[in-house]
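When we follow the numbering used here, the leftmost residue of the sequence shown carries the number 1185, and every step to the right adds one.
Think of the CB as a built atom: it goes at the ideal place given N, C-alpha and C, for glycine as much as any other residue.
The structure appears right after this line, and notes come after that.
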Amino acid sequence: MAKQHSPAFLELVDDAKTRISELDPDQLRERRQAHPDLQVVDVREDHEYEDEHVRDAHHLSKGTIERDVEEVFPDKDTEMVLYCGGGFRSALAADNLQRMGYRNVHSLDGGIRALKAAGFEMSA
1185 MAKQHSPAFL ELVDDAKTRI SELDPDQLRE RRQAHPDLQV VDVREDHEYE DEHVRDAHHL
1245 SKGTIERDVE EVFPDKDTEM VLYCGGGFRS ALAADNLQRM GYRNVHSLDG GIRALKAAGF
1305 EMSA
C-alpha cells in the first residue's frame, strides 16, 4: 500500500518537478538501448533496495546520494535515471544533483512500481 504524503512534501516534489526531466518506463527502456552507458540509480533506503531492485541498478539512497555521488559518478555529464518507490524521492534527488552540476539526470515517473508493471527485470 502506498504511503500517504503530506501536502508540504507534495509541494516540495511538485516544485522540484518543474526543474527536472522525468522519463516513463518505456522511455527508459529506449534510452538504455540507445545509450548503453546510461546509469540506473535506486535512491530508496537500504532495506528497500535489498528486498528488490532493478537488475544492474546502482544504489545511492536519498539520504546519502548528495554526499556520495561524486565518488561513484565523477563525470558530471554521466546520464543517470533515478528511481524510488513512486517517483517522489527520485525527483527531489534529481533536482539536488542538477544543483550540484550534473547535467544529464532524469527521474523515473512512477518509480519501481511502474518499472515492475512494465516488466523490468528485478534482482534481490
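Beta carbon of residue i nearer than 8 Å to that of residue j
{"i": "G1303", "j": "G1271", "result": "no"}
{"i": "R1287", "j": "D1261", "result": "yes"}
{"i": "A1275", "j": "V1197", "result": "yes"}
{"i": "G1269", "j": "E1232", "result": "yes"}
Same chain, Cβ closer than 6 Å to residue i, neighbours up to 5 away in sequence not counted
{"i": "V1225", "result": "H1242, L1244, M1264 and L1266"}
{"i": "K1201", "result": "A1275"}
{"i": "E1206", "result": "S1291 and D1293"}
{"i": "L1312", "result": "Residue 1312 lies beyond the range of the chain shown here (1185 to 1308); nothing can be said about it."}
Same chain only: Cβ atoms within 8 Å of residue i, ignoring 5 sequence neighbours per side
{"i": "D1230", "result": "H1243 and S1245"}
Residue environment, residue i, which counts as buried when at least 16 other CB atoms sit within 10 Å
{"i": "P1209", "result": "buried"}
In DSSP terms, what residue i is bridged to
{"i": "M1326", "result": "Nothing can be reported for residue 1326: it is not among the residues displayed for the chain, which extend from 1185 to 1308."}
Residue i in three-state terms, based on DSSP
{"i": "L1212", "result": "helix"}
{"i": "E1234", "result": "helix"}
Other residues of its chain near residue i: CB distance less than 7 Å, five sequence neighbours each side excluded
{"i": "M1306", "result": "E1236, H1237, V1238, R1239 and K1300"}
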